[in-house]
Each structure stands twice: as structure tokens, then as C-alpha cells.
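Take a look at the structure set out below.
Chains as they are written, first to last, in the numbering used here: chain A, 1 to 392; chain B, 1001 to 1090.
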């Protein structure tokens, strides 16, 4: 096979998506109007698939912080954190994140993907074993692969499956990391972290939790599912992103282990990339302040999540297993899901289309994500559109 | 192929038949005979995630640990049997 021949298979998959009026992989938001609305193909469209959980992308304080940093510190750092790209503001954000989680050490990466890649590639090496939840995000898989560690999958959220695999590792368990998420991003279900922590500690394995979708969403203080489960002080590494609840871009790792301070010397995704621009860091720091100071954002988010979940339930859709700001509507076959997704877009509603193998089972889903910035009227409009799908 | 490998191959074929049963029930035309030469992706149309799912089934059925990294050289049922045999005999 010649170098470029492999793209014929990609073209074939893409052609399958082109059978409908709109291609879900090529949606263009011509104008973004707010945290919850944009102009798509000339239509005012409610955005219900953006992971903008707290709706902070247009928050005046966050925007002002970014504008101020842009004016005073310039457009970019033009260098790696290991060279000229470490500004005081990067270090401040690391301290603020560590303090937020009640952990002594924090590290900031340029993207959420880089945070997972960089943390796992630094933490693991050949000869180590990693036990990965079967539904874990691609960035976690890629980080594990990059490390050279042996990867074993356990069944999604199945503590018995995890325990069996720990037993099979025998003495190797002391070189073992368990990797799970807080809130899973496709079906909107949470990991049983209390049980996972108990098993990890009983076997002496370390635990990493990715709270990308749960930061700012779960817990009294918005620290994530580990906070809700009361086990945050027993998690070895928490990773997450700034590109969802915090409405910016970047990622982080916090830990009680002092070795985290040494990751920067061995983490290639950290070393060989430019650091985040000062305006991004300033926006993120302000968003973290907003997250902490305004618990009402979380309350509004959950009110909206309940309204959407219960509304869809009442019109007999099959949904993910629990109420959460990620509401997955099971459609079934890929073709039907693509048709429904198109119809929703034409009705002025943007959601995410999840089809196998991107979905965690053999079904296709319309994935909605709710924001604190959605109004009750917007959620009603989303529900009316789903009702029209039911009627057609 | 040793008898042990042949026996493992038969076990894997039985597990595959069970794994594919729901799909074959809804799509009887997809049903096909499985042999050692059967390719998991081109003949059985399993995608990469389904192959990993099936690997977990094998691990639990035979109570052994097989890392995902080893799957890169697995294409056929015989390849999978050889991998399982290597872990059982390790």
C-alpha cells in the first residue's frame, strides 16, 4: 500500500456521512453570539453540545482578564515552559489549582489532551502496568500507549472486573496505575470512585482520575466526582482541562506526591510545546475564581440538566443512566441518528452525534451537553425539537 | 500447531460464537463459519474497540492477563490463539 492509499478508507467513511444534508464533522459556526447561541448556515442555533457547562466563555470578568493580559503581556510566550515560556502567571495558576484541590503540587499543560498525554507518559514507563477503564477517553489511551507501559482494560465502571485484573497482576501491582474518569463524556455516567479507591488501596495500586467533564460540575466546591464521593484526599493524581467548565484552553495535573514537581523534566508533551499564552492563563484564572465564588452557576446548571433529562424522559427517549449535564439520547442505528441530527440542526439545535466506534456500545447517540447559561426557554425549545423528531 | 494451541483455538472460536450471537441474531446473514484463518476485522467486521472488548472476554474466561499492546500483531483467530497460548505458558 502506497503512503497515501490509507486515506481511501477515510474517504469512504466520510462519504457515508455526506449522504445527509449536513456533515456532522464539518459544522461551521459562522458567528458565535453567546455561550449558548450561534449562527449556523444562516440560522440562529441553540448550542447544546459544547461542554460549556458553566457558560463562562462570555463572562465579562473572564473576557476582561484575557483582554488585560493580552494588552499587558503580549499575544504569546513563543517558548516552552522549560525555556522562556514560564511566566509568573503560569506558576500562579499551578498554585491556585493545587490549593483548589487541597493538594500541594500542580502542573499546567497547554491543552487537556497534552495534560493526559504528558502526565501518563511521565508517570509510566516500560515494565509498568496500567489498568484503564474500557470507556476512557482517547487521550488517556494515547498517554498510556506513549509511555510504553502494558495496558490492561477493565469493564466500564465495573469494580469486580478491576479487582480481577489487579489479582492477575500479582506482585506487579506495585508498579500499577488505575486510570478512570469522574464523569464519562458520552453517556454522562459517573465512576464509582469510592469503591475504586477502596480496591486501589487494598491492592496498593495508584489511582489517576480524569475530571475533565466534572470539574466545576460535581461537588459542593465544584472539585468533581471525587469530591462528591468523599475520596479526593485518597486520589493520587487528578487531571483535567480548562476547555470545558472554565471556558478557556489548557489542562492540568494536581497531586499529593512531590514527584509531580519532577514530571516537567521527563514529560515530552510538556517540554516540547509552547506554553499557553498569558491571555488564556488569565482567562482561566478568572474562570476558576468565578467557579469558586459563584456556586449558583452549578445550581443553575443542575436545574437545567434535570429539566432536559426529565423532559426527554417524558417523551419516551432512552437516555444515559443518570441525570447529569451530559444527556445522551440513544437513537440506535447510525443512519437514523444521522437523520435525527440533521433534522435537529435544521430546527436550530446543535448537539453532538456519537456513532460507533466513538460511542461506547453498538448504539448511536445524540449527545447533549447542558450549560448554566441555557435559559429555561432554550431548554424548552430543545425539548420541542426532540418532540418534533418523535412525531415525524 | 500443537494440540494445546488447537484446543485454545477451539475455546476462542466458542467464545467468539457467544460474543457474536446477539449480532447474528439480529442479522442472520452475517453468520459465518469461524476457523483459525478467520480475520477478526475483515471477516467478522469487528472494529478495534470490539476486538478489545472481546479480549476482556477471553481474559475473564481463561483467568489470565493479556495487555492491549500485544494486539497489534493479532489479525486472525490463530494469531489470537498463539497470543493466549504464550500467556498461558508464561
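We put the CB at the ideal spot given by N, CA and C, even for glycine.
Close-in-space but distant-in-sequence residues of the same chain around residue i (CB under 7 Å, 5 per side omitted)
{"i": "residue 20 of chain A", "result": "338, 339, 342"}
{"i": "residue 1083 of chain B", "result": "1066, 1070, 1074"}
{"i": "residue 374 of chain A", "result": "36, 304"}
{"i": "residue 86 of chain A", "result": "275"}
{"i": "residue 1009 of chain B", "result": "1036, 1077, 1078, 1081"}
{"i": "residue 359 of chain A", "result": "186, 365"}
{"i": "residue 129 of chain A", "result": "149, 150, 152, 169, 172, 175, 176"}
{"i": "residue 30 of chain A", "result": "39, 40"}
{"i": "residue 1039 of chain B", "result": "1075, 1076"}
Other residues of its chain near residue i: CB distance less than 8 Å, five sequence neighbours each side excluded
{"i": "residue 230 of chain A", "result": "194"}
{"i": "residue 27 of chain A", "result": "40, 345, 350"}
{"i": "residue 292 of chain A", "result": "100, 221, 222"}
{"i": "residue 33 of chain A", "result": "39, 44"}
{"i": "residue 347 of chain A", "result": "385, 388"}
{"i": "residue 272 of chain A", "result": "80"}
For residue i, the nearest candidate out of the options (CA to CA)
{"i": "residue 53 of chain A", "options": "A:248, A:335, A:261, A:226", "result": "A:248"}
{"i": "residue 238 of chain A", "options": "A:390, A:99, A:3", "result": "A:99"}
{"i": "residue 183 of chain A", "options": "A:173, A:375, A:227, A:174", "result": "A:227"}
{"i": "residue 213 of chain A", "options": "A:206, A:304, A:224", "result": "A:224"}
{"i": "residue 284 of chain A", "options": "A:256, A:301, A:259, A:242", "result": "A:242"}
{"i": "residue 281 of chain A", "options": "A:51, A:70, A:15, A:32", "result": "A:70"}
{"i": "residue 1053 of chain B", "options": "A:250, A:63, A:156, A:327", "result": "A:156"}
{"i": "residue 158 of chain A", "options": "A:261, A:131, A:138", "result": "A:131"}
{"i": "residue 68 of chain A", "options": "A:217, A:286, A:125, A:232", "result": "A:286"}
Proximal residues to residue i (C-beta, below 6 Å), its chain only, five neighbours per side dropped
{"i": "residue 1080 of chain B", "result": "1012, 1074"}
{"i": "residue 76 of chain A", "result": "277"}
{"i": "residue 143 of chain A", "result": "116, 117, 120, 121"}
{"i": "residue 22 of chain A", "result": "342, 345"}
{"i": "residue 163 of chain A", "result": "199"}
Nearest-angstrom Cα separation, counted from residue j out to residue i
{"i": "residue 1017 of chain B", "j": "residue 17 of chain A", "result": "31 Å"}
{"i": "residue 386 of chain A", "j": "residue 74 of chain A", "result": "45 Å"}
{"i": "residue 1049 of chain B", "j": "residue 45 of chain A", "result": "34 Å"}
{"i": "residue 362 of chain A", "j": "residue 1027 of chain B", "result": "14 Å"}
{"i": "residue 94 of chain A", "j": "residue 1077 of chain B", "result": "49 Å"}
{"i": "residue 964 of chain B", "j": "residue 25 of chain A", "result": "What the structure shows of chain B is the stretch from 1001 to 1090, and residue 964 of chain B is not part of that stretch, so it cannot be assessed."}
{"i": "residue 388 of chain A", "j": "residue 381 of chain A", "result": "11 Å"}
{"i": "residue 457 of chain A", "j": "residue 82 of chain A", "result": "Lying before the first or after the last residue shown, residue 457 of chain A is absent from chain A, which here runs from 1 to 392."}
{"i": "residue 1003 of chain B", "j": "residue 1036 of chain B", "result": "In this prediction, residue 1003 of chain B has a pLDDT of 47, which is less than 50 and means its spatial position is unreliable; what the coordinates show is noted afterwards. Whole-angstrom Cα-Cα distance: 13 Å."}
{"i": "residue 377 of chain A", "j": "residue 329 of chain A", "result": "20 Å"}
{"i": "residue 246 of chain A", "j": "residue 92 of chain A", "result": "16 Å"}
{"i": "residue 379 of chain A", "j": "residue 49 of chain A", "result": "13 Å"}
{"i": "residue 58 of chain A", "j": "residue 307 of chain A", "result": "23 Å"}
{"i": "residue 368 of chain A", "j": "residue 171 of chain A", "result": "43 Å"}
{"i": "residue 298 of chain A", "j": "residue 1062 of chain B", "result": "46 Å"}
{"i": "residue 1001 of chain B", "j": "residue 1058 of chain B", "result": "With a pLDDT of 47 at residue 1001 of chain B, under the threshold of 50, the modelled position of this residue cannot be trusted; read the value that follows with caution. Each residue's alpha carbon lies about 20 Å from the other."}
{"i": "residue 311 of chain A", "j": "residue 207 of chain A", "result": "37 Å"}
{"i": "residue 202 of chain A", "j": "residue 235 of chain A", "result": "13 Å"}
{"i": "residue 1047 of chain B", "j": "residue 244 of chain A", "result": "30 Å"}
{"i": "residue 1019 of chain B", "j": "residue 1045 of chain B", "result": "13 Å"}
{"i": "residue 336 of chain A", "j": "residue 1055 of chain B", "result": "30 Å"}
{"i": "residue 269 of chain A", "j": "residue 111 of chain A", "result": "10 Å"}
{"i": "residue 14 of chain A", "j": "residue 331 of chain A", "result": "20 Å"}
Residue i, buried or exposed, once every other Cβ within 10 Å from all chains shown has been counted against 16
{"i": "residue 209 of chain A", "result": "buried"}
{"i": "residue 222 of chain A", "result": "buried"}
{"i": "residue 165 of chain A", "result": "buried"}
{"i": "residue 3 of chain A", "result": "exposed"}
{"i": "residue 333 of chain A", "result": "exposed"}
{"i": "residue 296 of chain A", "result": "exposed"}
{"i": "residue 1 of chain A", "result": "exposed"}
{"i": "residue 396 of chain A", "result": "The question about residue 396 of chain A has no answer, for chain A in this structure spans 1 to 392."}
{"i": "residue 325 of chain A", "result": "buried"}
{"i": "residue 290 of chain A", "result": "buried"}
{"i": "residue 1089 of chain B", "result": "exposed"}
{"i": "residue 141 of chain A", "result": "buried"}
{"i": "residue 102 of chain A", "result": "exposed"}
{"i": "residue 138 of chain A", "result": "exposed"}
{"i": "residue 51 of chain A", "result": "buried"}
Task: Sufficient close CB pairs (3 or more, under 8 Å) joining the segment 311–322 of chain A to the segment 177–192 of chain A - done: For the pair of segments examined, the segment 311–322 of chain A was found to touch the segment 177–192 of chain A: the number of CB pairs separated by less than 8 Å reaches three.
Task: Contact the segment 1064–1073 of chain B vs the segment 142–153 of chain A: 3+ CB pairs below 8 Å - done: With the cut-off at 8 Å, the segment 1064–1073 of chain B and the segment 142–153 of chain A touch.
Open item on the list: Across the segment 251–260 of chain A and the segment 99–111 of chain A, are there enough close Cβ pairs to call them in contact, namely three or more that are closer than 8 Å?
Closed with: yes
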